[in-house]
Structure formats: C-alpha cells, structure tokens
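See below for the structure under consideration.
4 protein chains.
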Amino acid sequence: MSLRDYPSAASRRSFLEKELSVTLSHIGSHTLSEAAVRAKNCENLIGAAQVPVGIAGPLLLNDKSGRRKTYYLPLATTEGALVASVSRGCKAITVSGNAISVVQRVGVTRGPVFKVKDSFEVMKLQGFVKRYFETLKKEAASTSEHLTLTQCNIVPAGPYVFIRFYFDTQDAMGMNMATIATDKMVARIERETHIPCIAVAGNFDIDKKPAWLNAIGMRGWIVRSEVLLSADVVKRVLKTTPEKFYDVWLAKCMVGSALSGSMGFNAQFANVIAALFIATGQDAAHVVEGSVGMTIVEVRKKEVYVAVHLPSLMVGTVGGGTELATQQEALQLMGVAGTGKVAEFASVVGGAVLAGEISLLASLAEGSLAHAHEILARGNPKSEIRSSK
Amino acid sequence: MSLRDYPSAASRRSFLEKELSVTLSHIGSHTLSEAAVRAKNCENLIGAAQVPVGIAGPLLLNDKSGRRKTYYLPLATTEGALVASVSRGCKAITVSGNAISVVQRVGVTRGPVFKVKDSFEVMKLQGFVKRYFETLKKEAASTSEHLTLTQCNIVPAGPYVFIRFYFDTQDAMGMNMATIATDKMVARIERETHIPCIAVAGNFDIDKKPAWLNAIGMRGWIVRSEVLLSADVVKRVLKTTPEKFYDVWLAKCMVGSALSGSMGFNAQFANVIAALFIATGQDAAHVVEGSVGMTIVEVRKKEVYVAVHLPSLMVGTVGGGTELATQQEALQLMGVAGTGKVAEFASVVGGAVLAGEISLLASLAEGSLAHAHEILARGNPKSEIRSSK
Amino acid sequence: MSLRDYPSAASRRSFLEKELSVTLSHIGSHTLSEAAVRAKNCENLIGAAQVPVGIAGPLLLNDKSGRRKTYYLPLATTEGALVASVSRGCKAITVSGNAISVVQRVGVTRGPVFKVKDSFEVMKLQGFVKRYFETLKKEAASTSEHLTLTQCNIVPAGPYVFIRFYFDTQDAMGMNMATIATDKMVARIERETHIPCIAVAGNFDIDKKPAWLNAIGMRGWIVRSEVLLSADVVKRVLKTTPEKFYDVWLAKCMVGSALSGSMGFNAQFANVIAALFIATGQDAAHVVEGSVGMTIVEVRKKEVYVAVHLPSLMVGTVGGGTELATQQEALQLMGVAGTGKVAEFASVVGGAVLAGEISLLASLAEGSLAHAHEILARGNPKSEIRSSK
Amino acid sequence: MSLRDYPSAASRRSFLEKELSVTLSHIGSHTLSEAAVRAKNCENLIGAAQVPVGIAGPLLLNDKSGRRKTYYLPLATTEGALVASVSRGCKAITVSGNAISVVQRVGVTRGPVFKVKDSFEVMKLQGFVKRYFETLKKEAASTSEHLTLTQCNIVPAGPYVFIRFYFDTQDAMGMNMATIATDKMVARIERETHIPCIAVAGNFDIDKKPAWLNAIGMRGWIVRSEVLLSADVVKRVLKTTPEKFYDVWLAKCMVGSALSGSMGFNAQFANVIAALFIATGQDAAHVVEGSVGMTIVEVRKKEVYVAVHLPSLMVGTVGGGTELATQQEALQLMGVAGTGKVAEFASVVGGAVLAGEISLLASLAEGSLAHAHEILARGNPKSEIRSSK
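In structure tokens form, the structure reads like this:
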C-alpha cells in the first residue's frame, strides 16, 4: 500500500510512525485545512512544519508619491539574531524618516525551447513570433483573465530557439499561470510552424537558478529602496562611523563579491527574503532570485546614503501559499493581503532588505558580529545582531 | 513602548492585533517552546508559520559501502505538485534499485577581509598565516570542541587581503561556530601583524549569495547522486523515452542554462532543497548555495543514467533550527537526527534532488507540465507533476 | 628630451638603440606610411611588429539568400598548427558544401554613467531619456553621418544611472564614433536635467571585458554559422566518428565550460578571431568579446551538424587598422574591404570560427592533439592540427 | 592544386594574387625567416601583417627586493591614442617613483576529461591520481626538461572526471609543453585504470575562454602592481582631482562591471595586454585571460593609491612567437628576452597595465575621452588620451 493511498494526513502519520518507529505529534499539530492544502499546496500531506515567526519593525517607508506608511515585518526564521538585526535596521530607517521604496513590474517569465533543423527554420520561427505576437497574446489571455503577455525575447543557438515570454500576472507571482499560458502559445506555434517544442520550460526563464539573465533582463519586480541615515543615527543606533560603515561595504559587498565571482553584491539579501517569503507563503525557492542584487553606500558629509537594488524579486499576494492561514495573517499584518497590494508588498520587501543590509554592515563595522554568536551560543536572547550572512 | 519590551509572544500578538486591527490566531497556534526559541532561534517571537509538509518516498539509496537504505522525505512546501513530482522520481529510483549517493565534507567557510597599506604588508600577512597556521588552528579549536580549522586560501587584491577559512564543524552546519572561531583568529592575526581586519565576514566566504567561488572552491558538502534507470522505468514510471528525456536535459539544463548565464545547470535543485531545508530546520537562505550544481544525463542503450552534482550543500543535523519540535521529527523520520548523521543526511538530500530532476525532466519530455498546472488551477489534488521549476 | 619630442620613428629607434644597447632593425623594416599611422593608429611610432600570416581555405559559405562564395582566410599568428587546423576545418565545410552564415547587426554600444541624488532624480533622468530619445538621436547623428543611435537601456542602481546606447555605425566597428556621439548626448542630458555624468564610458558598454551583458544583450554583430558534415567527411577529412566527435563536444564545450564558470562554451573561438583580427586590422582587444559564445553539435544519423553562435562580434571594414597596407590587402584577399562589406565580413568570421571548432574537436576526438605538439616541438611543418585551445 | 602544395610564401602569394585579382605586395614585404616560421609558428605562410609599434615610457618600477628599473614599452596597436594614454600613465607612475610589481607563478594548466561508468570508477580514478602523483610527475618530466608538474585538482561530475594539471614551464608560456606532458600522463592513467580519456583538453584548463576558474584558481602568473600617486601628479600629470578619479573608478570598474555581469573589474586591461602581447610574440588569444582582473583605487589624504590585480596572465620569454625577429627585438628593448626573465616580464606587463588604468580613469574624470576621439577623427597625432576601452 502506497502513501498515496492513505486517505488523510492522520493516516499517513500513523503509517509512518509505525513503519519508522517515530512520533510525528508536533507535525500533526496544526490548523491547516487539509482539503484546501491538498487541492492547492501539497500532496501526501502529513501536517505542518512550524517555523518561528519574530516581528521586526516598525519600518517607516515613503513611496514615490510621498505617502508615508509604517510596517511591521513578520520574519519566519530559525536563525537566531536575524530578527534583532532587521529590527535595528528598521529603527535606523524609521528614525531617519526619509526611506523610499520604488518598484517596477517586469513580470514573471516562462521560456520554452524549440528545436529547428537549420537557420531557415530559425528565421521562420522568429518571423512567426514577431508577426503574430498579438495572436499569441490572445492565446495567452484565453488561459486566464489575470494574465497578459507583455513582451518576448527570442534567442537562437544552433538547433535550438529559446523564447523568453514576460507576463503581467496581476497580484499573483504567476509562475503556474505563465506555464499554462505558455503551453497554449506553444501549441499554436507548433501548429502553425510545424517546429516542435522540446520543453515548455527551457531554463531561459530562468526559474530558481542564479543567472545573469534575471539580473540583466530582470524578472518579477525590480525594487529600489534607499535611505539617508543621519549622523546621529549612524552613531547612536548603528554604533559606528560613516567611514567604517563605508569601508565594510566596499570591501565586502563590492570587492569581496567581485573576487568570489558572485551575482550578489550585497550583505544578506537572502536572509531577509527567505524569512519574509516563508512567513507570507511565497515560493521559498525564489530566494535564489532574491539573493541577486546590489547594495550601494555613499558617505555624504556626515550622513550615510544606503540603497538596495533588487532586479528580480518574485512575489505575489494571492495564490500559491499566500492563502494558507498563518501566511494570510502575516500578509494582513503587513497590510498587503489580497488584490491590489502586490506592488506595495514588493516595496516593503525592499525596505526590509534595506534594513537587513544596514544592520549587518554596521555590526561588521563595529566588530560585534562574532560577539553576538557567542551570546547565542550560550542561549542568551538579548543579542542585537545577526549571526550569519 | 517597543516590541522588544513585551514579555511574551502572546503579549506581542495582542499589541499587534490591536495596533493593526488584525487577528493572529493561527500564528499563535503552535507547539513551540518559547524559551528555547527565544534563546536560540528567533527574537521578538509572535508564533509560528505553518508550512504544509507532504511526504515523498520511499527512496532507496545505496552508499559507497554498498549499504542499502530506504527513506521517506518530508517536504515543507506551499507549491502544489512538488511532492507528487518528487514522489514519482523516488519511485523511478527505487524501482531501479541502483541509486548511490556519495558525499564529501569540504566544510563551512568564513572569510575575513584585512586592509593593508602595500605589497609588503600583503607578504607579511600571507607569511604569518602560512607560518602560524597551526597556531591559528589552536585558536580556532579553543572556541569550540566541535570545530577544527582545516585549510585556508589567501587572496590579496589592492589594499585588501581576503582569507577563506574552511572548518570541519562535525554535525552542525556551523556558520555561527565558524564566525566565532574566525573572530578569535582575526584577533590573534591583528595582534601579531598589526594589520587591521575590516570585517570578519568579507564575502569571500561567500555566504548566501550565488558565487562561482562556492561552485569551484566548494563549500559545506559535495554530493554526488546517480542512478541508472531501466528502460522499463523510463517507459512505465516516467512515461517517456530515453531520447526525449535526454533532449530535454541537453536543451534545458545545459544549453538553456549556458545562454542564461546561470550557475545552475539543473532543472529544479532549489525546489527540493528549499522544501527539505524548511522541513528539517536548515537555514533557508542556504537554498542559494543549494541551487548551484549540475545534472547530467546519458543514454546507455535503452537505459538512462542520471547524475546530480552538488558542490556546495550547507546542512547540519544539530544546532540551528534542527532542534525545534517539528524539524526534529522530520529529521527523525528520515533517520538522520542528532550526532553522527550529517553525512547521511547530505547523501539523502542528494537522492531527493536526483528524484526531483528525474521527475521534472520526464514531465517536460512528455509535455505534461502545463497540464498539471491546469489541474491545480482547478484544485484537483491528483496531479502527478510539478508546477514550477 | 622625451620620446615624444623625437620627430620620426627612425630618430626614436636611434634613441632607444643607443639608450638601451639594442638593435631595432627588424622593427624598423616596414612599409607603413608614418604620417598616416601617426595620424590615426599609433603615437610614438618606432616601426612595426611583423606577425606571420598563413592562409587557410578555401572556405565555401552560403548566405541566407542562397548565394555561394568561396573565401581564403588570412590568419596572423605565431602559434604553430592554427593555420593547419583551420584549413582542415575549411576542407570539411567546403566538401560538405552546405555551410551557411547568418548575421544580424546589434551595433556598437557606449554606456555613460550618471550620478543622482535620489530616486526622484532617477525618474527624472529615465523620463528625459525616454521622452527625448528622438532629440538624442539627432544629437548623435550630428556628430557623424555614418552613425545612428538605435536604442538604449537604462539601469539605475543606488546613486548611479547607467545608460547603454546602441549605434549603427555602418561599415566601421565604431567604438570611437560612438564615444563622440555619446559625449554629445551626455552634454545635452546634463544641460537639460542638471544631473552630472561621471564617466562617458562606465563599463555598462561593456567594452573589452568579458561580461554576460554582451552575451545576453548582444554587441556588435550576432553571427550564426552552421554546417551538416557528411559521414564521409567525418571519416575521411576529420578521421573520427560522429559519436566521438559528439562526446568531445559535450564533455569539453558544455560540461567542462560549465564547471569552469565560463562564458565561452566553445573550443577555440579566440584563436581564430585573434588571428583574423590581427590580419585585418580589427581592434585586437575585442578578441575578448569574440571569445564568448557557443558551439553546438548534433548527430543526425551518420551526419554531424555543427553550429556556432557568436553574440558579440566587433568588426569593421573601414576605419581603425583596416586601412593600413597589409591589413587592407588581407581584407581585399577576402573580398570584404571598404564600404558595404561589413556584414559579409562578419559572416566569414563566423565561417572561420566554425572551421576552427570542427577541426579542434576532431583532433581531440582522434587523440592527435598532443602528437601535433610533439611534431611542432621538433620543428616539423606538416602538422595538421592545432596546438593550443 | 591545394595551397599546401605550393612550396613557398611567394608562390602562394602569386597563386592568390592571380586567383583573386589582388596584390599582396605589402604582406610579402617582410624580414621573416620562412623556414623558421614554417617550422614553429605558421603553416601556409604568405607573409606578414605589419602592426604599428609605438613606444611608451619610461616606466619606473620597483620589485619586492627594492631594485628599481626603468622600462620602455613597445605597444603593437592600430588604435590611435593607446600609446599616448599608456605614456601618460607611465609618466604619472615614474614621477611618483614608488610603483611596485610583485608576481607569483601559478603555472600553465591543462585539463583532460575522463569518462567513467559510475561513482566507483570516480573513486578509483581519484585514488590513482592522488596515490601516484609522483609517478605522474615523472611521466610529465620525461617529456621535457623544462617542465614540472606542480599540482592538480580533480572534479567529477556525473560520468565525467575533470583533472586540472598545473605546470612550471620555466621561461615558456608552456601551453604546448603542457599538452604533451598531459598526453603522456593520460596514457599512463588510461593504462593503469582502464578509464578512457575523452579529450586531453576538456575546458577545465580553461584556455582562451573567459572563466571564473582562472580568476579563482588562477593561471599562468598572478601579478600585483601598485603605486601611490602624489597630489601633484594627480593635478599636473593627470589633470584631475583624487575625488573625481575615485568616483570614476567606483562607478565604472566596480558598479558598472558588477551590473554587467563582468569578470573584468577594470578600465582597459585588454588594450594594454593585447598591444604588448602582439609586440612581444605572446599568444594573442591569451588576451582573454589577461582581460580578467581588478583595479582598486583609494584616496589617501591628497594622494591616490592605485593597484591592479591580474590573476591569470599567460606569458613567456622563450618559445612561441618570442623568437621571431621583431618580437625578439621588442623583448630585448624591455630587457626581458630569453631565459631567466619571465617573472620580470610579467611584472612589467603589470606595470604597463597599471599605467593604462591610471591614464584612462583620469581621462574619464577630466572628461577628455571623447575630445581625444574628435581629434583623432580629424587625424591629429597630438591626442593625449585613449580612444577606446
């Protein structure tokens, strides 16, 4: 009898507990709706992993229209010091009062790969896609009223032709919708050109692998968040000097990353994004895209300007894991649940990432990073700074 | 009154619920020990995110000594079809019966950056670290009986000297221990050479950013898992042909990734690693390192050989989030909780990743990927394949 | 008295010969027009380096309109076996008779970087460039009648805004024209927006450094050359089998390059491009851009399909070094000197690169590479294959 | 009758002149020894390309033992303004008087790829190479008394095992010697392990393709050159300010390169290296390796510190093209011809590259780059700055 044949999470747990001589009572303690989860989020359910959620903030952000708003950040993490670290960054930002987050939708991408015989078929395929772009757009739109094909790039290489389709998927992260729409367009392309598609997803998307294509061609949302930290904030909240803060940034985020052959010119984007993504029901594998990007610091007299550039943030406020109970609460806590909120959510992620950068760079500058670890190693909850980046 | 001043998760929730007019009752429903979490995992706790856990398997793996063992895989995910996808891959592997996972510890790395005045100081610093390596080893060992400094690389660039220390941290992932040990060594180096350290973590580690240094210099564990799929398995379990399976792999994992400027020459490493990491209390931001690596396929007559190469898998079976209740249960379910198990755990992650690759490549080959999405879009739990890669 | 003060190459040589006790008689033996060289190509002239030119070919290529043409390839190189290697590739291509080269102009790029104070200035600058693109186009056109601004990308990051301008520069490689045009546009942008430009060339061009931006965003010319090698050619000319040839390609160009963190998924693009560039007066530093790209092989029954994809080939048939006497002869020998020939020249470079790939992969497959070296080490000119890739 | 059948360069030229209705009289005007060239450097010789050589310098460098020496730099280039640009950098360096170049041999690499059946064969091959490293060293040494195997890395991936052998090849660049030695070792490995080698050069070398493996694992020579420019030099020679110079560097070499996905965090390494390589008979395709590396600038009160880091410089002073007449003269002019000079030559290349960086960054800072182009466009030889980077 296969796991799949057990009718419920409870029966699967019983089977496993018996078979493996383990207890799964904590995994079994949850408030999930099994039916909903089974239908949308997870097959062969046995329960839930409980990931601790700490709260950072308040974080005061401006948008480009000058609206100010304060956010609390739910961070799901098991790594001590992260919440404290982000909290300190939020304090530095909020006291400074001038942080701004600006976002731009690029859209989710899906990239099928076709197989041609020669250059003439390449030209045929390129020609078809360009000429019938509006037709393809209609095919795509027919699969969902929440999806619009916005643009595409075509890159042939030998017997392969890769197409990168970009979509506006409204409030959803949209990867699944994009796949369905692409499948529809692919069928049309195959029918009209008789050129076969090898795979509807040919890594020219490129999904969940670190890739310069996403950094350069962008993906999901571009987010830019910046703040000008006052001299006082640098001294009292961050306990360092503008010069030390700058030196750490240059040595670490720029020179260190460059020597490492990195796509991430930052301090800890991934830590903050992973914690926010797990808390709010995003696809955790998109931490990969989120880890790419740059932090830039500038000393302006006695003040310190800090900016983060996120070229490929994949987020949604509907669909995926966002509708699960704890995840929905986390989004509501931030005021970004449901429709019409995804741009704002992206902007808050940018602000949170900015807070994480400020705090970690400051910790390194004051030399307190390892000290925080020692405190944690003794189990003391008062540590102020981040243990790992 | 700051969030930090509230004495408990409940009081923080009350504050937030009132302040923000939200309810956090699901986040508040958990079985965490607040004291333990506060001491080790998360500041400003307000509760837990519940991430659905599905079970895949059984997965039959051999180790290099010829021992066979069967595993069930707890996958914490909100992305429908992932568990089903990995399950199918497990079936293909288990029926074939010959999969093997081989692991090698490289060790966690920490990379401080020093600031020199000129080339003479570079030589002085290089000389000191080389001559006094055993001394540094003792300094490192003095910070923890579970940690050993194993090697280091020194790379100067202009006024900077980057050192990459590698550690054996036994069963722990070890990032925090490595930081404490590095801090101690740095103090000694500064004392003896009078060359200042700018940052104990200078991105030459490089932690949680995609980087070729980790792919080439390796980090954490190197894992290699491989299987020879019989013709029958390819046909009946994977519902495709060796040729189609191979074509998808070559077009997607190799050509598509190469054209995208990717560090990940694979189909969906990140999906499987994210789900296993969240379930078992790993640091979720290390999905970034996990997403790097290569899948290789070869047709051998009518059989299909598939191998995965993971150069930088960061895992532990003690410390971090592994001791939380649901995470501990997940590790126990796999038989890899506690000391002496980390190599085995790494090998199972490799096997799970192999299963994910096989299943997704097969889905793309048979053209069923988008179909799975459509089913999911209607909320049908029977879908067999993965929605997103 | 400084070198610059000597009035002629001869007087500079005399000075150096005396000062350094050397003889420069070979460097002094040349047929250059000093006045022309001084005005356009080289300051402080002392003479010429003589680089041996060997001839490969004939190479039979088709263009996309079905026109067939045969070329001889002048290769300036000091590395024994390269000419022989390319010659063999040419033979394989010419005997097969079906090779085709297709080119597409992307255009030379120049990328200034501006410095802004905040996100509002970013939006101001983006807005200006988008709204006044036609104005900028006119500014650019006013600097040369051979130059047209075709498109631009704008990427802000923190206090910086990078713009990548693309130009059509007709038959010239065009880097210098592009710089002058960019300088003019920059002046206009600064005047209108009061946002200062830090550098007219801010490495977002990106010129003469290996970069994914050029592979993904393309630069100069995209060239695609392909051939279907008959079974007989593979056997008699290349002395290998389709399977061995394929195996070498997959292991070397794909897996080996991927593991090396390379941007070049090929065997020896750089060798062929360097030799052609030096012979024809191209900018030799553009070998960097030329080394990026991919070779793809496919076994089709008993035939072997080979294609090369060059995303960023920088070439010109007027200007730069193309008008020097030997370089002009080399271009004439290929039938691509002067105006209206640059696309054809790009296509021939692609064909030559294809020949180099075929020959080296075959040498590796038959195991004769090292043997060629041994012969060369003994000074035997009959070696058939390439010594270094 | 094939080109190969013509007995001399003259007869080949006659054939081509007649066949193609061209004249090749300039290509035919040379002082090469045909027999020597044919034996070592170039098959199917038809003559020589004359590349203008300008002289830059004097350049005053210190080595790590405090020895001071002045060099003139022969630059073979067709790109106007390069020689003038490097000359200005040399002046800034020489007047400052404190530049130092430090080099370290890493050695040429050759990387064969083997094909295994499974993980057991991987272990067998790894074990053999490690246990019999001294044996392999002897095999390598038996092929040349000028070559020593120094180390190797082994990286398995699926059915492939890549080995990267490093060699000390004394004064030669050594690529060919390395291939012959590798071929001998490969034969031994195949004989003993019965594991076949697919290709003696499997792109894990990695030769003449831009690759992080060479930047991280290094190749050839590591060169570090640095200088502290006095305030007066910055003002009078470079005509800019420390702040402007620094701003250009940060925006261009660091941020611009990072956003471009580049391996070159520099201004114009490739220009200087290409010109020196062609003049001195290096392998011009190794400009690819030379283009990788970093420039770092620091303002120290009113002085400016500039350093260049070249991780993979491939040079030799014997063999290859170094023994051709004009190339030999160029090496002699620098005082680095023949044996015992290669380290010094590498150090001078570093100094020249440093000069190029200083001058171009200064030109960009003062805004004169485009102006130089305009002057060049009118054919005026007095331009001081570099036209293209």
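Read top to bottom, the protein sequences are chains V, S, X and B.
For the first sequence, counting from 1, position 132 maps to 132 in this note's numbering; every step adds exactly one.
Basically this note's numbering = 1-based index in the second sequence + 389.
Basically this note's numbering = 1-based index in the third sequence + 778.
Basically this note's numbering = 1-based index in the fourth sequence + 1167.
All C-beta atoms in this analysis are idealised placements derived from N, C-alpha and C, irrespective of residue type, glycine included.
Computed from a prediction, not measured in an experiment: that's the story for all the values here.
Neighbourhood of residue i by C-beta, 6 angstroms cutoff - its chain only, sequence neighbours within 5 removed
i              : result
residue 708/S  : 561
residue 1584/B : No answer is possible for residue 1584/B: it lies beyond the span of chain B, which begins at 1168 and ends at 1556.
residue 1244/B : 1442
residue 544/S  : 551
Neighbouring residues, chain V, relative to residue i (Cβ below 7 angstroms)
i              : result
residue 1002/X : 119, 156
residue 880/X  : 119
Straight-line Cα distance separating residue j from residue i
i              : j              : result
residue 858/X  : residue 1491/B : 13 angstroms
residue 782/X  : residue 1220/B : 14 angstroms
residue 1556/B : residue 1299/B : Because residue 1556/B carries a pLDDT of 49, less than 50, the predicted location of this residue cannot be relied on, and no value is offered for it.
residue 1025/X : residue 645/S  : 19 angstroms
residue 1217/B : residue 1050/X : 18 angstroms
residue 1516/B : residue 1237/B : 13 angstroms
residue 1056/X : residue 1122/X : 18 angstroms
residue 1497/B : residue 1450/B : 15 angstroms
Partner residues on chain B for residue i, Cβ-Cβ distance less than 8 angstroms
i             : result
residue 261/V : 1379, 1382, 1383, 1430
heavy atom of the ligand MG below 7 angstroms from residue i C-beta
i             : result
residue 624/S : Of the ligands one can find in the structure shown there are none, so the ligand MG has no counterpart to examine.
N- and C-terminal bounds of the alpha helix (DSSP H) containing residue i
i              : result
residue 719/S  : 714 to 723
residue 557/S  : Run containing residue 557/S: none in the alpha helix (DSSP H); it sits in the beta strand (DSSP E), 549 to 557.
residue 399/S  : 398 to 409
residue 1478/B : Not the alpha helix (DSSP H): residue 1478/B falls in the beta strand (DSSP E), residues 1470 to 1480.
residue 125/V  : 119 to 131
residue 1142/X : 1120 to 1144
Own chain residues within Cβ distance below 7 angstroms of residue i, not counting five before or after
i             : result
residue 302/V : 231, 242
residue 722/S : 461, 463
residue 993/X : 1041, 1070, 1089, 1090
residue 409/S : none
Amino acids of chain V, ordered along the chain, whose beta-carbon sits closer than 9 angstroms to that of residue i
i              : result
residue 1463/B : 255
residue 842/X  : 119, 120, 123
Boundaries (first-last residue) of the beta strand (DSSP E) holding residue i
i              : result
residue 1262/B : No beta strand (DSSP E) holds residue 1262/B; the alpha helix (DSSP H) holding it covers 1249 to 1263.
residue 879/X  : 878 to 888
residue 1320/B : 1315 to 1324
residue 1225/B : 1212 to 1229
Closer than 9 angstroms at the beta carbon, the chain C residues around residue i
i             : result
residue 877/X : Looking for chain C here will not work: the only protein chains present are V, S, X and B.
Spatial neighbours of residue i in its chain, beta-carbon cut-off 8 angstroms, leaving aside the 5 residues before and after
i              : result
residue 536/S  : 529, 530, 556, 557, 558, 559, 563, 566, 567, 570
residue 1179/B : 1170, 1173, 1211, 1212, 1213
Contact list for residue i against chain V, beta-carbon separation under 8 angstroms
i              : result
residue 1532/B : None at all; the shortest Cβ gap to chain V is about 17 angstroms.
Closer than 8 angstroms at the beta carbon, the chain S residues around residue i
i              : result
residue 1326/B : 685, 687, 694, 696
Beta-carbon neighbours of residue i, restricted to chain B and to distances below 7 angstroms
i             : result
residue 275/V : By Cβ distance, chain B contributes nothing, its closest Cβ being about 25 angstroms from residue 275/V, past 7 angstroms.
Chain-ordered chain X contacts of residue i [CB-CB under 9 angstroms]
i              : result
residue 1480/B : By Cβ distance, chain X contributes nothing, its closest Cβ being about 14 angstroms from residue 1480/B, past 9 angstroms.
Exercise. Would the segment 913 to 922 of chain X and the segment 932 to 940 of chain X be scored as touching if the rule is three or more Cβ pairs under 8 angstroms?
Worked result: no
For this session: May I ask you to verify whether the segment 259 to 272 of chain V touches the segment 282 to 297 of chain V, counting CB pairs closer than 8 angstroms and requiring at least 3?
Result: yes
Exercise. Between the segment 187 to 204 of chain V and the segment 978 to 990 of chain X, do three or more beta carbon pairs fall short of 8 angstroms?
Worked result: no
Exercise. Any contact of the segment 993 to 1006 of chain X with the segment 882 to 889 of chain X, i.e. 3+ C-beta pairs under 8 angstroms?
Worked result: yes
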